[in-house]
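Novice: Going by numbering that gives the first Met the number 0, 141 is the number at position 142 of the sequence shown; the sequence numbering is gapless.
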Amino acid sequence: MQLFVDTANLDEIQAAAALGVISGVTTNPTLLAKNNHGDVKSVIQQIAKLVPHGPISVECVTDDAESMIREGETFVTWSDNIAVKVPMTVEGMKAVHHFSNNGIKTNVTLVFSANQALLAANAGATFISSFVGRVDDIGFDGIGIIREVAEIIELHSFNSQVLAASIRHPLHVTQSAAAGAHIATIPFKVIKQMYDHPLTEKGVASFKADWDQLQKSNLTPA
Ligand code: E4P
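1) Measuring CA to CA, which of Val110, Ala124, Leu117 is closest to Ala82?
2) Use the C-beta contact count for Phe130: other C-beta atoms within 10 angstroms, 16 or more gives buried, fewer gives exposed.
3) Mark Gly19 as exposed unless 16 or more other C-beta atoms lie within 10 angstroms of its C-beta, in which case mark it buried.
4) Does the Cβ of Gly132 lie closer than 7 Å to at least one heavy atom of the ligand E4P?
5) Span of the alpha helix (DSSP H) holding Pro86?
6) Starting from the C-beta of Leu49, find all residues in its chain whose C-beta is less than 6 Å away, skip the five residues before and the five after it, and write them out in chain order.
7) Does DSSP put Thr61 in a helix, in a strand, or in coil?
8) How would you call Asp209, buried or exposed, if buried means at least 16 neighbouring beta carbons within 10 angstroms?
9) May I ask which residues mark the beginning and end of the beta strand (DSSP E) holding Ile21?
10) Starting from Asn121, trace the alpha helix (DSSP H) both ways and give me its first and last residue.
11) Check whether the Cβ of Thr173 sits closer than 7 Å to any heavy atom of the ligand E4P, and report yes or no.
12) Inspect the CB distances between the segment 146-154 and the segment 167-186 and report whether three or more fall short of 8 Å.
13) Residues bridged to Ala164 by DSSP?
14) Mapping DSSP to helix, strand and coil, what is Thr199?
15) Does the beta carbon of Thr108 fall short of 7 Å from some heavy atom of the ligand E4P?
16) Taking 7 Å as the cut-off, is the C-beta of Ser128 nearer than that to any heavy atom in the ligand E4P?
17) Does DSSP classify Phe139 as helix, strand or coil?
18) On the DSSP bridge assignment, give the partners of Ser56 in chain order.
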């Protein structure tokens with residue numbers, strides 16, 4: 000399972016890119032607003048330079064297919080690694096069908112059920128963002144939906160990739176991978192948490208202490 004970073008914060012993206020484990024970035028209007036990016040084009044271009052080999056998802060905010068197509072066709076002129084993020088609506092799927100026919104990558108967002116994913120796959124979505132945390136928040140099983148969607152995509156040999164979104168903690172990442180997601184998009188804070196394990200810290204400290212001890216004893220004449 001590949002890892003994308005789910006943020007529009009340039010410092011976080013730069014730090015995430017430097018880790019060497021990230022292969023894409025997802026943004027949404029909320030993440031852009033949170034980081035006060037008035038000039039969306041300029042920030043997306045900066046993100047695209049920081050992660051040049053991965054798709055950068057940029058979200059349409061209009062309601063009808065024609066306007067979404069106009070938005071998406073503008074986004075893809077900003078950089079050559081843009082994926083147009085389209086909401087899971089009737090109009091959105093018309094736009095995805097158009098983008099798919101024109102070789103433009105898409106990320107269908109706000110997917111909360113297997114049937115929505117099935118529609119997105121048939122429209123030709125490149126990525127299908129099935130939300131985990133928001134489903135859990137209302138008392139349902141977000142990971143269960145990821146598993147169902149991944150099974151359907153695999154069983155029927157769709158080309159779409161299942162993208163686990165709305166990830167809230169490291170366990171969501173493990174569970175998404177085990178459920179068959181191709182990608183998880185993860186907040187930077189959670190990516191950092193994934194590195195942590197008390198036994199790793201303890202092991203590093205004790206190996207270092209033993210090495211230092213060995214160096215000292217080698218210097219001590221017998
Ligand atoms: C990413 O593509 C989604 O927009 C994002 O993961 C949503 O996360 P949230 O539910 O924490 O807002």
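Every residue gets a Cβ at the ideal spot worked out from N, C-alpha and C, and that includes glycine.
Specialist: Working from what's here:
1) If you number the sequence shown from 1, residue 82 lands on position 83. Of the candidates Val110, Ala124, Leu117, the one whose C-alpha sits nearest the C-alpha of Ala82 is Ala124.
2) By 1-based counting over the sequence shown, the position of residue 130 is 131. Classification for Phe130: buried.
3) Here residue 19 corresponds to residue number 20 of the sequence shown, with the count starting at 1. That one is exposed.
4) Within the sequence shown, residue 132 is the residue found at index 133, counting from 1. Answer for Gly132: yes, Cβ within range of the ligand E4P.
5) The count along the sequence shown starts at 1 and reaches residue 86 at position 87. Looking at the DSSP string, Pro86 is not in any alpha helix (DSSP H); the run it does join, the beta strand (DSSP E), is 81-86.
6) Position 50 of the sequence shown, counted from the first residue, corresponds to residue 49. Residues Ile12, Gln13, Ala16 of the same chain have their beta carbon placed closer than 6 Å to that of Leu49, with the five preceding and five following residues left out of the count.
7) Locating residue 61 in the sequence shown gives position 62, where the first residue counts as 1. Per DSSP, reduced to three states, the secondary structure at Thr61 is coil, with no helix or strand assignment.
8) Numbered from 1 along the sequence shown, position 210 holds the residue referred to as residue 209. That one is exposed.
9) Numbered from 1 along the sequence shown, position 22 holds the residue referred to as residue 21. Unbroken run through Ile21: none, as it is neither H nor E.
10) Locating residue 121 in the sequence shown gives position 122, counting from the first residue. Asn121: member of the alpha helix (DSSP H) spanning 113-122, first to last residue.
11) Along the sequence shown, one-based indexing puts residue 173 at 174. For Thr173, the shortest separation between its Cβ and any heavy atom of the ligand E4P does not lie below 7 Å.
12) Touching, yes, given that three or more Cβ pairs across the two stretches are closer than 8 Å.
13) Position 165 of the sequence shown, counted from the first residue, corresponds to residue 164. Beta-bridge pairing links Ala164 to Phe130.
14) Walking along the sequence shown from the start, residue 199 turns up at place 200. Looking at Thr199 - three-state DSSP - the assignment turns out to be helix.
15) For the purposes of this step, residue 108 is taken as the residue at position 109 of the sequence shown. Within the cutoff, so yes.
16) If you number the sequence shown from 1, residue 128 lands on position 129. At least one heavy atom of the ligand E4P is nearer than 7 Å to the Cβ of Ser128, so yes.
17) Indexing the sequence shown from 1 puts residue 139 at position 140. Looking at Phe139 - three-state DSSP - the assignment turns out to be coil, as it is neither helix nor strand.
18) For this step, residue 56 is matched to residue 57 along the sequence shown. DSSP output for Ser56 lists Thr25, Ala82 as bridge partner(s).
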